[in-house]
Ligand code: NI
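Right, dumping it as structure tokens:
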């Protein structure tokens, strides 16, 4: 499932990210790629352990914690510290699947990448190309969002970033291990939760709402590995 999360960062936060980027030392993006993806990856990244990546990563994580839509769609157990990339003109990232398991830097923990996330940080009018293209069972989906907005997509999917032909594309990217490993179970819980939120507005006193909320939690109890 692909889920669009609007308004993750405010315009001021996006401007702050870009000011930090202007002062940062960028390195070859192949540093965090697996063997296959390194061969098709042509972009730049902030070094994972740089103070800039850490500061902005915290900013992104705090914003996600305040997003009920993100929490509901992902049911996060672990979130990889957000990374930041830059595609200058002529840069792209060919078709690949993200590594399944990633060590979390600075910890003894590992993370299973269930969900991939891209947070767009450039104004879409400021560059051409640079679409994120995700292949799933329903075909190919091209995504280019306003700065501050996030797309979630299955880490198991083949995806690529088309060549930037004008300007610069800046983004944050990271992965999430969900408490619910199975994507179809996660999608059912998300649909149910969205319907519950709507019913809460429409018929807040309905006894059926209590029962359905119970069904949500009892499914989560069966499926989650907290
Ligand atoms: Ni990828």
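Residue numbers (my numbering): 254 to 479.
Every residue gets a Cβ at the ideal spot worked out from N, C-alpha and C, and that includes glycine.
With distances taken Cα to Cα, identify the nearest neighbour of residue i among the options.
i, options, result
"residue 417", "475, 393, 378, 283", "378"
"residue 365", "433, 260, 385", "433"
"residue 316", "349, 399, 267", "267"
"residue 400", "382, 441, 376", "376"
"residue 469", "263, 325, 352", "325"
"residue 287", "273, 393, 356", "356"
"residue 477", "363, 257, 439", "439"
"residue 448", "289, 466, 431, 460", "466"
"residue 351", "420, 294, 277", "294"
"residue 303", "359, 263, 264", "359"
"residue 340", "263, 472, 373", "373"
"residue 257", "285, 403, 320", "403"
"residue 420", "331, 381, 452, 458", "381"
"residue 472", "265, 445, 361", "445"
"residue 387", "407, 371, 412", "412"
Less than 7 Å separating the Cβ of residue i from some heavy atom of the ligand NI?
i, result
"residue 369", "yes"
"residue 389", "no"
"residue 351", "yes"
"residue 412", "yes"
Excluding five sequence neighbours on each side, which residues of the same chain lie with their C-beta closer than 8 Å to the C-beta of residue i?
i, result
"residue 384", "395, 396, 397, 414, 415"
"residue 333", "355, 357, 364, 366, 427, 428, 429"
"residue 443", "254, 256, 325, 326"
Write down the C-beta distance between residue i and residue j rounded to the nearest angstrom, noting that I regard them as a contact closer than 8 Å.
i, j, result
"residue 368", "residue 405", "5 Å"
"residue 297", "residue 280", "7 Å"
"residue 336", "residue 425", "7 Å"
"residue 309", "residue 261", "The pair is not a contact, with the Cβ atoms about 13 Å apart (cut-off 8 Å)."
Count the other C-beta atoms from every protein chain shown that fall within 10 angstroms of the C-beta of residue i, then say buried if there are 16 or more, exposed otherwise.
i, result
"residue 282", "buried"
"residue 348", "exposed"
"residue 259", "exposed"
"residue 464", "exposed"
"residue 353", "exposed"
Going along the chain, which residues of its own chain have a beta-carbon closer than 6 Å to the beta-carbon of residue i, five neighbours each way excluded?
i, result
"residue 203", "Because the chain in this structure spans residues 254 to 479, residue 203 falls outside the shown range and cannot be described."
"residue 389", "410"
"residue 391", "none"
"residue 327", "368, 429, 431"
Counting only the same chain and skipping the five closest in sequence on each side, list residues whose C-beta sits under 7 Å from that of residue i.
i, result
"residue 289", "349"
"residue 306", "299, 300, 336, 337"
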